[in-house]
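**Q**
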Amino acid sequence: MTSAKLNSAKTVRQLEGVVVSAKASKTRTVQVATTKVHAKYGRRFKASRKFAAHDEQNQFQEGDRVIIAATRPLSRTKRWRIVKKLS
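Under this note's numbering, the first residue of the sequence shown is numbered 83, with each subsequent residue one higher.
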């Protein structure tokens, strides 16, 4: 019996957000806004969360809309990297 290797590509989790802080070197804080539904009342509401994302060339500035992707842990708080700029 031969063992067949599966060439399955992992799907990488990606989020869209806005750079809200560019003070640290090679690190950007990205705020991701989502819409959630209340469990009991069913009403929709806005919620946001901030992620520390890696920016190797320091090319993204505050106010830029970007896409971030999950990656291996780069530091104590960084588990995301910036993939590309949207606007």
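Ideal Cβ positions, reconstructed from N, Cα and C, are used throughout, including at glycine.
Could you give the distance in angstroms between the alpha-carbon of T117 and the alpha-carbon of G99?
**A** 13 Å
**Q** Is the stretch 118 to 130 in contact with the stretch 141 to 152, if contact means three or more CB pairs nearer than 8 Å?
**A** no
**Q** In chain order, what are the residue ranges of uninterrupted alpha helix (DSSP H) at least 4 long that sit wholly in the stretch 107 to 144?
**A** The stretch 107 to 144 contains no whole alpha helix (DSSP H) run of 4 or more residues.
**Q** Between the C-alpha atoms of F167 and Q139, what's the straight-line distance to the nearest angstrom?
**A** Here the sequence assigns Lys to residue 167, which means Phe is not the residue at that position. Each residue's Cα considered, the two are about 13 Å apart.
**Q** With DSSP as the reference, identify every bridge partner of A152, one or two as the case may be.
**A** W162
**Q** Can you list, in chain order, the residues of its chain with a C-beta nearer than 8 Å to that of V165? Leave out the 5 residues immediately preceding and following it.
**A** Q96, V148, I149, I150 and A151
**Q** Can you tell me which residues form a DSSP beta bridge with R147?
**A** V100
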